[in-house]
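Counting from 465, one number per residue, gives the positions in the sequence shown under my numbering. Here the structure comes first, spelled out in structure tokens, and everything after it is commentary.
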Amino acid sequence: MSKIIDYLESDFWLSPISVPLYWPMQFFANEIIPRSKDLKSWFFFNILRRKPSMKFKIEEFMIQPANVCNAHCIFCVLSKNKVACQEKIMPMTLFETALDEIEKEGRKAMNLTPTVGEILIDPNIFNKIRLAKSRGFVVHSYSNGILLSANENYKRLVDSGIDRIVISISDVEPDIEAKTFSIPVILAQQKLEGIKKLLEYNHKKHGIKEIYLSFRQTRHPHKIVTHPFFKQLRKYSFKYNFILRWDSWGGVIKQKDLNKYMRIATMRKFRRYPCLSTNILSVLPSGSVRVCSCRVIDNIEDDLVVGNLHQESLKEIIKSGRIEKIKMRFQNKKYLAICKDCVFYRSEY
């Protein structure tokens, strides 16, 4: 049962099942799962006396190549306020340093995704991917896909050697896509055409192992998967999903900001075990190292920053005890502002 719950909570649940069962699965993911997990955590904490571990156990390393974005999606914190951090592209020298530090920790996989930002804005993104691949890294990333057609970026992405790319998409109708991402319709048209070109080119080259279309839909999934354009795309190899649980970005995004197909997830109430995201380290374009890469309220250089690669090594940051202090806040119920109302809490236990 726990495997089924984890599967439904993940981004990549199978759409052939989810399309006809969209509403009941969304209800299950939003209402039943959080309550069942709260009950389980309460039982283990209070009855079985399974106390939380404060030890840092690396779950994932992330490098954020740019915190500049070319969209203001209705479901993102950028639609409410401009995140208070300097819009910045990570220099190539810092990227190389980050790779060195991650490698020293015995890791050969990383997620090249900004918390807020778009990777294709970075003029050196393909060089960064190629460098990481040349050193044996497995590289994953997200993109909003708006710049896929520009400068034949779809070709450059396939040829870069990236292992997996997830494209954030709302719909296959340009006007709906434009409204959701707050971009001109012409850009939405170019985005959809870019996605088609990406799939076509990847089909010829067999470059990217996994391409996902992750739908932030504003209408029922059935209307999307039966659309002629979607059927054209199905000639090529890709996976797709429809998001079940939506995030509030620490309470900034309200249900009224979204539509009936976007339901903000129920927040977990019993949170005495540290969040699993406290085991994710993310290197920002400034060199800061931040616990958690999921969400930000109004400043990415916030209390989750635990060090800076310009000043100390990753090993020194990990051994500093700063991460453990953040973990301890959960046991003591003294949550940081970004964690207090976060619906993406996942128990580390």
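Beta carbons are placed, not taken as given, at the ideal position from N, Cα and C, and that holds for glycine. Since this is a predicted model, take the numbers as computed values, not measurements.
Is it right to say ILE650 is buried, meaning 16 or more other beta carbons lie within 10 angstroms of its own, or is it exposed?
Looking up residue 650 in the sequence shown gives position 186. Exposed is the call here.
Pull up the distance between the alpha-carbon of LYS699 and that of GLN681, whole angstroms please.
Counting from one through the sequence shown, the residue named residue 699 turns up at place 235. Counting from one through the sequence shown, the residue named residue 681 turns up at place 217. Here the alpha carbon of LYS699 sits roughly 21 Å from the alpha carbon of GLN681.
Cα-Cα separation between CYS756 and SER605, rounded to whole angstroms
Here residue 756 is taken as the residue at index 292 of the sequence shown, counted from 1. Here residue 605 is taken as the residue at index 141 of the sequence shown, counted from 1. Approximately 16 Å between the Cα atoms of the pair.
Measure the C-alpha to C-alpha separation of LYS804 and LYS798 and round it to an integer number of angstroms.
Counting from one through the sequence shown, the residue named residue 804 turns up at place 340. Counting from one through the sequence shown, the residue named residue 798 turns up at place 334. Between the alpha carbons of LYS804 and LYS798 lies a distance of about 8 Å.
What does CYS739 pair with, by DSSP beta-bridge criteria?
Indexing the sequence shown from 1 puts residue 739 at position 275. Residue pairing for CYS739: DSSP places it in a beta bridge opposite SER811.
Can you name the start and end residues of the alpha helix (DSSP H) that SER500 belongs to?
Residue numbering aside, residue 500 sits at position 36 when the sequence shown is read from its first letter. Secondary structure note for SER500: its alpha helix (DSSP H) is the uninterrupted segment 497 to 506.
Going straight from the alpha carbon of VAL724 to that of GLY581, what length do you get?
Residue numbering aside, residue 724 sits at position 260 when the sequence shown is read from its first letter. Residue numbering aside, residue 581 sits at position 117 when the sequence shown is read from its first letter. The sequence shown places Lys at residue 724, not Val. Approximately 26 Å, taken between the alpha carbons.
Classify LEU800 as helix, strand or coil using the three-state DSSP reduction.
For the purposes of this step, residue 800 is taken as the residue at position 336 of the sequence shown. For LEU800, the three-state secondary structure derived from DSSP is coil.
Taking MET792 as the reference, which of CYS806, VAL807, PRO738, ASP502 has the closest Cα?
The residue labelled residue 792 in the question sits at position 328 within the sequence shown. Nearest of CYS806, VAL807, PRO738, ASP502 to MET792, Cα basis: PRO738.
With a threshold of 7 Å on Cβ separation, who are the neighbours of LYS521 within its own chain once the five nearest residues in sequence on each side are excluded?
Indexing the sequence shown from 1 puts residue 521 at position 57. Excluding residues within five positions, the ones whose Cβ falls inside 7 Å are ASN743.
Using 10 angstroms around the beta-carbon of GLY600, count the other beta-carbons present and answer buried if the total reaches 16, otherwise exposed.
Position 136 of the sequence shown holds residue 600. Residue environment for GLY600: exposed (fewer than 16 other C-beta atoms within 10 angstroms of its C-beta).
Looking at C-alpha atoms only, which residue of SER750, GLY671, ASN796 is the closest neighbour of VAL532?
By one-based count along the sequence shown, residue 532 stands at place 68. By alpha-carbon distance to VAL532, the top candidate from SER750, GLY671, ASN796 is SER750.
On a Cα-Cα basis, can you pick out the residue from THR730, ILE566, LYS501, LYS504 that is closest to GLU523?
In the sequence shown, residue 523 corresponds to position 59, counting from 1. For the residues THR730, ILE566, LYS501, LYS504, the minimum Cα distance to GLU523 belongs to ILE566.
Short of 7 Å in beta carbon distance, which residues of its chain neighbour ASP502, apart from the five on each side in sequence? Order them along the chain.
Looking up residue 502 in the sequence shown gives position 38. Closer than 7 Å at Cβ, skipping near neighbours: ARG732, LYS733, PHE734.
At what residues does the alpha helix (DSSP H) containing PHE525 begin and finish?
Taking the sequence shown and counting its residues from 1, the one referred to as residue 525 is at position 61. Not the alpha helix (DSSP H): PHE525 falls in the beta strand (DSSP E), residues 524 to 527.
Going by Cα to Cα distance, which pick from ILE672, TRP713, LEU708 is closest to ILE802?
Residue mapping note: residue 802 aligns to position 338 of the sequence shown, counting from 1. Of ILE672, TRP713, LEU708, the residue nearest in Cα terms is TRP713.
Out of curiosity, what's the CA-to-CA distance linking ASN615 and LEU584?
Translated into the one-based positions of the sequence shown, residue 615 becomes position 151. Translated into the one-based positions of the sequence shown, residue 584 becomes position 120. Distance between the alpha carbons of ASN615 and LEU584: 11 Å.
Suppose you measure from the CA of PRO516 to the CA of LEU773; what does that come to, to the nearest Å?
Stepping through the sequence shown from its first residue, residue 516 is reached at position 52. Stepping through the sequence shown from its first residue, residue 773 is reached at position 309. Using only the alpha carbons, I get a separation of about 29 Å.
Restricting to Cα atoms, I'd like to know which of SER613, ILE589, ILE787 is closest to MET518.
Looking up residue 518 in the sequence shown gives position 54. Looking only at SER613, ILE589, ILE787, the smallest Cα-Cα distance to MET518 is reached by ILE787.
For the segment 619 to 629 against the segment 640 to 657, do three or more pairs of beta-carbon atoms, one drawn from each stretch, fall closer than 8 Å, so that the two count as touching?
By the Cβ rule, the segment 619 to 629 does not count as touching the segment 640 to 657, because fewer than three pairs are nearer than 8 Å.
Between GLU551 and ALA530, what straight-line distance do the alpha-carbon atoms span, to the nearest angstrom?
Residue numbering aside, residue 551 sits at position 87 when the sequence shown is read from its first letter. Residue numbering aside, residue 530 sits at position 66 when the sequence shown is read from its first letter. Each residue's alpha carbon lies about 8 Å from the other.
Neighbourhood of LYS669 by C-beta, 6 Å cutoff - its chain only, sequence neighbours within 5 removed
One-based indexing of the sequence shown puts residue 669 at position 205. For LYS669, same chain residues with a beta-carbon under 6 Å away, outside a window of 5 residues either side, are VAL622 in chain order.
Alpha carbons only, please: which of LYS544, TRP487, PHE491, HIS684 is nearest the one belonging to LYS720?
Within the sequence shown, numbered from 1, the residue matching residue 720 stands at position 256. Comparing Cα positions, the closest option is LYS544.
Assess, as a yes-or-no matter, whether the segment 491 to 511 is touched by the segment 554 to 564 under the definition of 3 or more beta carbon pairs within less than 8 Å.
These segments do not touch.
Given this structure, state the Cα-to-Cα distance separating ILE707 from GLU664, to the nearest angstrom.
As a position in the sequence shown, residue 707 is number 243, starting the count at 1. As a position in the sequence shown, residue 664 is number 200, starting the count at 1. Across the structure, ILE707 and GLU664 are spaced so that their CA atoms are roughly 25 Å apart.
Where the alpha helix (DSSP H) through LYS661 begins and ends
Indexing the sequence shown from 1 puts residue 661 at position 197. Per DSSP, LYS661 is one residue of the alpha helix (DSSP H) stretching across 649 to 669.
Please classify ILE496 as buried or exposed, where buried requires at least 16 other C-beta atoms within 10 Å of its C-beta.
For the purposes of this step, residue 496 is taken as the residue at position 32 of the sequence shown. Counting Cβ neighbours within 10 Å, ILE496 comes out exposed, since fewer than 16 surround it.
Which listed residue (GLN490, PHE509, ARG571, ASP639) has its alpha carbon closest to that of GLU812
Sequence index remark: in the sequence shown, residue 812 carries index 348 (1-based). In terms of Cα proximity to GLU812, the closest of GLN490, PHE509, ARG571, ASP639 is PHE509.
The beta strand (DSSP E) that contains LYS703, what's its start and end?
Along the sequence shown, one-based indexing puts residue 703 at 239. That run of the beta strand (DSSP E) goes 703 to 706.
List the endpoints of the continuous alpha helix (DSSP H) containing HIS686.
Translated into positions along the sequence shown, residue 686 becomes position 222. Where HIS686 is concerned, the enclosing alpha helix (DSSP H) stretches over 685 to 689.
Which two residues bound the contiguous alpha helix (DSSP H) that contains VAL483?
Residue 483 sits at position 19 when you count from the first residue of the sequence shown. Run containing VAL483: none; DSSP gives neither H nor E here.
Measure the beta-carbon distance from ALA535 to ILE647 and round it to whole angstroms, keeping in mind my assumption that it falls under 8 Å.
For the purposes of this step, residue 535 is taken as the residue at position 71 of the sequence shown. For the purposes of this step, residue 647 is taken as the residue at position 183 of the sequence shown. Rounded to whole angstroms, the Cβ separation of ALA535 and ILE647 is 6 Å, and the two are in contact under 8 Å.
Taking the beta strand (DSSP E) that TYR606 falls in, what are its first and last residues?
The sequence position of residue 606 within the sequence shown is 142, counting from 1. Element bounds for TYR606: 602 to 607.
Whole-angstrom C-beta distance between ASP767 and VAL760, which should lie under 8 Å:
The residue given as residue 760 occupies position 296 in the sequence shown. The residue given as residue 767 occupies position 303 in the sequence shown. The pair is not a contact, with the Cβ atoms about 11 Å apart (cut-off 8 Å).
Near LYS703, what residues of its chain come up, given a Cβ to Cβ distance below 6 Å and the 5 sequence neighbours on each side ignored?
Along the sequence shown, read from residue 1 onward, the residue named residue 703 stands at position 239. Within the same chain, LYS703 has close Cβ partners TYR676.
Verify whether the separation of the beta carbon atoms of ILE764 and GLY771 is less than 8 Å.
By 1-based counting over the sequence shown, the position of residue 764 is 300. By 1-based counting over the sequence shown, the position of residue 771 is 307. The criterion of a C-beta distance shorter than 8 Å is not satisfied by ILE764 and GLY771.
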